[in-house]
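S.K.: Below are the structure tokens for one structure; questions will follow.
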């Protein structure tokens, strides 16, 4: 007796096309990296003249800005190692942020969507629109 082989149902060909969606917002997603490095700092063993007295003109303005931006841990009278200062290794922690993706809000045919993309798409982006019919078995019709 021969068994009858039932062929599988035919595959539906997907109807797909590429259209454009308007980007409403692209917000970067950052990765934060922290790194600690050791830096040698030498402090003066003898009093050093006030920095404002040593600076003249533009150098005085730049120095004042640097002093304001410098953290409390870094506010020491630094000297060159050859000047015989007290030198020690100090940990300096730095934080780096880099964009790793973009959360993109966009609208296509009046419907808003959100996707995470590896790049900033700009003002508009290509979207793939696919339409496939739903095949209902005969007993469910």
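Residue numbers (my numbering): 11 to 151. For every residue, glycine included, the Cβ atom is placed at its ideal position computed from N, Cα and C.
Given this structure, state the Cα-to-Cα distance separating residue 26 from residue 140, to the nearest angstrom.
M.R.: Residue 26 and residue 140: Cα-Cα distance of roughly 4 Å.
S.K.: According to DSSP, simplified to helix, strand and coil, what is residue 70?
M.R.: Here residue 70 sits in helix by DSSP.
S.K.: Indicate whether residue 137 and residue 124 have their beta-carbon atoms separated by less than 8 Å.
M.R.: Going by C-beta atoms, residue 137 is not nearer than 8 Å to residue 124.
S.K.: In three-state terms, what does DSSP make of residue 24?
M.R.: DSSP places residue 24 in coil when its eight states are reduced to three.
S.K.: With a cut-off of 8 Å on the beta carbons, I'd call residue 112 and residue 129 a contact; round off their distance for me.
M.R.: Confirmed, about 7 Å.
S.K.: Within the same chain, show all residues whose beta-carbon is closer than 8 Å to that of residue 108, passing over the 5 residues directly before and after it, in chain order.
M.R.: Closer than 8 Å at the Cβ level, and outside the excluded window around residue 108, lie 40, 41, 43.
S.K.: Tell me which residues share the same chain as residue 24 and place their Cβ nearer than 7 Å to its Cβ, disregarding the 5 neighbours each side in the sequence.
M.R.: Cβ neighbours of residue 24 beyond the five flanking positions: 140, 142.
S.K.: On the DSSP bridge assignment, give the partners of residue 110 in chain order.
M.R.: Note: residue 110 sits in no beta bridge, so no partner.
S.K.: Helix, strand or coil for residue 101 per DSSP?
M.R.: Strand at residue 101.
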